[in-house]
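Residue numbering for the sequence shown follows the working numbering, starting at 9 and increasing by one per position.
Idealized CB from N, CA, C, for every residue including glycine.
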Amino acid sequence: MSTWYPIEIYSLFIRVCGDIEVIRPLRLSDTLNRISSHLELRNATVDPLSSNFPVLAHPQLESMLAKSGITIVCPTKEPSPASNPALWREKIPQTYLFTTQTFSLMAEAHLDLNESLTDHLERYPNDFLPLTNISALWIAGAAAMSHAIQRPFGLLNPATIVSFTAQ
């Protein structure tokens with residue numbers, strides 16, 4: 009059984025909103041971390057994060073997004089709690105400050121006991137990092153504009169992390 013979940017995807021200068029198919033018992037993170045280098049979205053719209061960055065796209069029934077261009081993925085509604093209990097493991101939340109090429113964010117990463125974030129990122133270098141309690145600020149280079157994001161859950165592309173610090 010599959011379910012289509014509304015998500016928003018933040019990249020360097022755009023936000024893409026659309027629906028992604030999650031096939032049960034997989035979770036959103038499992039769907040993002042599949043081997044494919046692209047994500048398929050339904051009913052996608054593209055919005056600029058800055059008025060100085062025009063977007064020439066129109067709403068699309070089906071769109072493909074390159075995972076390499078994604079910084080943060082956030083669901084816009086809570087996934088149903090019917091996920092596979094066998095996939096659940098006790099993890100320890102730790103607050104981190106992350107800097108990416110375009111975002112400064114504070115969030116909680118949930119790691120296995122006795123595992124550091126460095127260990128996790130080195131073990132799973134291509135897997136999007138699940139985060140909770142996200143407060144992020146998009147900072148445009150010279151434009152002095154910003155875009156604030158606060159979400160209960162999201163996934164961060166580890167390839168976009170420039171630095172991180174435990175709090």
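Cβ shell of residue i (< 6 Å), same chain only, five flanking positions each side left out
{"i": "T53", "result": "C25 and P67"}
{"i": "Y104", "result": "A117, F172 and A174"}
{"i": "F61", "result": "F21"}
{"i": "R32", "result": "M9"}
{"i": "R159", "result": "C82 and I142"}
{"i": "E29", "result": "S10 and W12"}
Neighbourhood of residue i by C-beta distance below 7 Å, restricted to the same chain and skipping five residues each side
{"i": "S37", "result": "F136, P138 and L163"}
{"i": "L121", "result": "I100"}
{"i": "S71", "result": "G26, L49 and A52"}
{"i": "A41", "result": "Sequence check: residue 41 is Asn here, not Ala. The answer, listed in chain order, is D135 and F136."}
Per-residue burial, residue i [other beta carbons within 10 Å of its own, 16 or more giving buried]
{"i": "W12", "result": "exposed"}
{"i": "A74", "result": "exposed"}
{"i": "I101", "result": "One detail in the question is off: residue 101 reads as Pro in this sequence, not Ile. Burial call: exposed."}
{"i": "R131", "result": "exposed"}
{"i": "T84", "result": "exposed"}
{"i": "S187", "result": "Since the first residue shown for the chain is 9 and the last is 175, residue 187 is missing from the structure and cannot be characterised."}
{"i": "L69", "result": "exposed"}
{"i": "I15", "result": "buried"}
{"i": "R97", "result": "exposed"}
{"i": "P133", "result": "exposed"}
{"i": "T126", "result": "exposed"}
{"i": "I17", "result": "buried"}
Counterpart residues of residue i in DSSP-defined beta bridges
{"i": "Q68", "result": "A52"}
{"i": "G162", "result": "L139"}
{"i": "S154", "result": "I147"}
{"i": "V24", "result": "I17 and V54"}
{"i": "Q102", "result": "A117"}
{"i": "F172", "result": "F106"}
{"i": "S10", "result": "I31"}
DSSP-derived helix/strand/coil call for residue i
{"i": "P33", "result": "coil"}
{"i": "P138", "result": "strand"}
{"i": "E116", "result": "strand"}
{"i": "T126", "result": "helix"}
{"i": "S76", "result": "helix"}
{"i": "L47", "result": "strand"}
{"i": "T110", "result": "coil"}
{"i": "L40", "result": "helix"}
{"i": "T84", "result": "coil"}
{"i": "R97", "result": "coil"}
Residue i: CB within 8 Å of a non-hydrogen atom of the ligand FAD
{"i": "L121", "result": "Summarising the ligand content, the structure contains no ligands, and the ligand FAD is consequently not present."}
Fill in: the segment 66 to 80 / the segment 99 to 113 touching (three or more Cβ pairs under 8 Å)
Enough Cβ pairs lie closer than 8 Å, so yes.
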